[in-house]
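Notes to accompany the following structure.
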């Protein structure tokens with residue numbers, strides 16, 4: 001009888017173990033990196049963001065943009081709130097600073113790091129939507145611009161955790177575009193603007209390491225959003 005019970009228990013145990021592994025792969029808990037913490041200290045020391053500002057809110061693509069004002073006739077209008085390695089969970093924790101500012105506009109960029117963490121498209125999408133919904137609810141007068149994820153450029157380098165995820169980027173961009181259309185947010189499709197001749201990967205001159213932009217790439221991005229920044 002005991003042997004029979006053990007035989008029945010084994011597949012049940014294996015099923016529970018598999019479920020736990022899947023659940024763990026789909027969950028992602030926030031843990032601030034050293035760089036995240038350092039950037040947050042810098043933001044705190046800078047003080048509250050004025051309400052007339054435009055905030056570049058996102059991950060490394062935003063942070064590496066540096067002083068975005070150099071691309072526009074805006075002087076000190078634009079505030080960079082990008083953090084290398086940040087994802088939807090980390091950005092959700094940063095919402096209080098953005099909401100407190102009640103800024104003129106927010107240019108939002110998120111999703112690449114979430115995909116690199118192994119999260120499914122649905123999970124990444126839902127986490128992003130949660131941020132945008134809360135931001136809009138708390139800042140109804142703020143214009144929200146949602147950027148597409150950028151294409152990859154294998155010719156310039158392959159990031160281990162983004163390898164083979166080009167189709168996931170396209171699928172997530174499609175979901176974000178549809179969400180923006182339904183929510184009356186402005187979707188900024190910079191994905192297509194950065195594509196090379198093959199129309200599948202980023203133009204090599206726009207990319208420095210397979211993922212991040214060169215100055216030339218940032219100029220393409222800036223040209224795309226210039227009408228919204230300077231209007």
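Numbering (the UniProt record's numbering), first residue to last: 1 to 231. The beta carbon of each residue, even a glycine, is placed where N, CA and C say it ideally should be.
Cβ of residue i within 8 angstroms of any chain B Cβ
{"i": "residue 139", "result": "In the displayed structure, chain B is absent; only one protein chain is listed."}
Residue i versus residue j - alpha carbon distance
{"i": "residue 185", "j": "residue 174", "result": "14 angstroms"}
{"i": "residue 65", "j": "residue 149", "result": "15 angstroms"}
{"i": "residue 109", "j": "residue 58", "result": "5 angstroms"}
{"i": "residue 213", "j": "residue 72", "result": "18 angstroms"}
{"i": "residue 209", "j": "residue 216", "result": "14 angstroms"}
{"i": "residue 153", "j": "residue 165", "result": "12 angstroms"}
{"i": "residue 35", "j": "residue 84", "result": "7 angstroms"}
{"i": "residue 191", "j": "residue 151", "result": "6 angstroms"}
{"i": "residue 211", "j": "residue 142", "result": "30 angstroms"}
{"i": "residue 239", "j": "residue 61", "result": "Here the chain covers residues 1 to 231 and nothing more, so residue 239 does not appear."}
{"i": "residue 183", "j": "residue 33", "result": "32 angstroms"}
{"i": "residue 48", "j": "residue 139", "result": "15 angstroms"}
{"i": "residue 218", "j": "residue 196", "result": "15 angstroms"}
{"i": "residue 163", "j": "residue 146", "result": "24 angstroms"}
{"i": "residue 176", "j": "residue 42", "result": "30 angstroms"}
Reference residue i; option with closest CA among the options
{"i": "residue 117", "options": "203, 87, 106", "result": "87"}
{"i": "residue 52", "options": "147, 154, 79", "result": "79"}
{"i": "residue 46", "options": "75, 101, 61", "result": "101"}
{"i": "residue 76", "options": "54, 92, 162", "result": "54"}
{"i": "residue 44", "options": "97, 229, 90", "result": "97"}
{"i": "residue 81", "options": "39, 114, 69", "result": "39"}
{"i": "residue 227", "options": "123, 206, 74", "result": "74"}
{"i": "residue 171", "options": "121, 180, 92", "result": "121"}
{"i": "residue 180", "options": "129, 163, 230, 92", "result": "129"}
{"i": "residue 37", "options": "158, 167, 67, 91", "result": "91"}
{"i": "residue 161", "options": "196, 168, 115, 195", "result": "115"}
{"i": "residue 204", "options": "229, 169, 231, 157", "result": "157"}
{"i": "residue 168", "options": "111, 231, 56, 67", "result": "111"}
{"i": "residue 50", "options": "230, 231, 103, 178", "result": "103"}
Cut-off 6 angstroms between Cβ atoms - residues of its own chain near residue i, not counting five sequence neighbours on either side
{"i": "residue 222", "result": "71"}
{"i": "residue 189", "result": "148"}
{"i": "residue 193", "result": "220, 224"}
{"i": "residue 198", "result": "none"}
{"i": "residue 127", "result": "88"}
{"i": "residue 15", "result": "With a pLDDT of only 38 at residue 15, under the threshold of 50, the placement of this residue in the model should not be trusted, and no figure is reported."}
Cβ-based neighbour list, residue i, same chain, cut-off 7 angstroms, excluding 5 preceding and 5 following
{"i": "residue 134", "result": "95"}
{"i": "residue 23", "result": "Any reading at residue 23 must be qualified, since the residue scores a pLDDT of 38, below 50, and its modelled position is unreliable; no value is offered."}
{"i": "residue 113", "result": "59, 85, 86, 87"}
{"i": "residue 206", "result": "194, 213, 214, 216, 217, 220"}
Same chain, Cβ closer than 8 angstroms to residue i, five either side skipped, listed in chain order
{"i": "residue 144", "result": "105, 106, 108, 132, 135, 136, 185, 186"}
Residues bridged to residue i (per DSSP)
{"i": "residue 56", "result": "80, 107"}
Query raised in the report: Of all the beta strand (DSSP E) runs that stay within the bounds of the UniProt domain "SGNH hydrolase-type esterase" (67–220), which reach a length of 3 or more residues?
Result: 78–82, 105–108, 143–147, 186–188
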